[in-house]
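Numbering (our numbering), first residue to last: 4 to 78. Ideal Cβ positions, reconstructed from N, Cα and C, are used throughout, including at glycine. Worksheet: one structure, shown below.
Following this line, the structure appears as structure tokens:
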């Protein structure tokens, strides 16, 4: 991730202003997630992850693709 981040910053693909908060919250989220994963039993963790995947699948199935309103014709 660090190599990809450096490469994209050098190429100008990333806005630098929000970069620090994203990195900080990403590190905090990773730490909290790893602590939570070690404290929850593996069966419960699998169940939670399964529900998360199901929710994301339903969301992706029903969401409108970006720019889809451009292709709708008014008759």
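Could you compute how far the alpha carbon of residue i sits from the alpha carbon of residue j?
i: residue 69; j: residue 16; result: 20 angstroms
i: residue 11; j: residue 36; result: 26 angstroms
i: residue 25; j: residue 6; result: 16 angstroms
i: residue 27; j: residue 50; result: 28 angstroms
i: residue 31; j: residue 38; result: 11 angstroms
Mapping the DSSP letters down to three states, classify residue i as helix, strand or coil.
i: residue 4; result: coil
i: residue 42; result: helix
i: residue 24; result: helix
Are there any heavy atoms of the ligand GTP lying less than 6 angstroms away from the beta-carbon of residue i, as far as the coordinates show?
i: residue 42; result: For the structure depicted, the ligand GTP is absent and the ligand set is empty, with no information on it obtainable.
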